[in-house]
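These notes concern the structure reproduced below.
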Amino acid sequence: MNEREPLAWTPLEESIPKDLLRSEVLAWAKRIKVEPKEIRIRLMKRKWGSCSTAGRVTLSDDLLSQPADFRKKIIVHELVHLKVPNHGNLFKALVTSYIRRGSIVTH
Ligand SMILES: [Zn+2]
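Each number in the working numbering comes from the position in the sequence shown (counting from 1) with 6 added on.
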């Protein structure tokens, strides 16, 4: 018999609310010493995040269900762009040093 209800499996503990992602971004912004003018979390089809020259950071809402380490990489990447607008050596060095320096405690 196949009458069992399909399990509506949503891995809640693996997914965070938008506000938490936003506060992760703010915590990293402080650490990196940048001030994003605006943080947007919305549907993005092709990218995990972007950063405008006006200082607006946009993150994909798919990030909400990604592992903390991955979120960290994207957040740091976009925020470091507020300092360095390209992907040159300085950018890479900064990203690496911030990511190595510690992770966000989310609990
Ligand atoms: Zn980039």
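Glycine included, every Cβ here is placed at the ideal spot set by N, Cα and C.
Check, Outcome
"Opening and closing residue of the beta strand (DSSP E) in which Arg62 lies", "Arg62 to Ser66"
"For Ser56, the first and last residue of its enclosing beta strand (DSSP E)", "Gly55 to Cys57"
"Reference Pro23; option with closest CA among Ser71, Lys39, Ala60 and Ala33", "Ser71"
"Start and end residues, beta strand (DSSP E) containing Glu44", "Glu44 to Arg48"
"For His93, the nearest candidate out of Leu26, Val31 and Cys57 (CA to CA)", "Cys57"
"Euclidean distance between Cα positions of His174 and Phe76", "A question about residue 174 goes unanswered here, because the residues of the chain that appear run from 7 up to 113."
"Alpha-carbon spacing of Ile80 relative to Trp54, whole angstroms", "7 Å"
"Beta-carbon separation (whole angstroms), Leu69 vs Leu26, contact threshold 8 Å", "At roughly 11 Å, the Cβ-Cβ gap does not stay under 8 Å, so Leu69 and Leu26 are not in contact."
"Among Val40, Val63, Thr59 and Glu41, the one whose alpha carbon lies nearest that of Arg48", "Val63"
"Residue burial classification, Glu30 (beta-carbon count within 10 angstroms, cutoff 16)", "buried"
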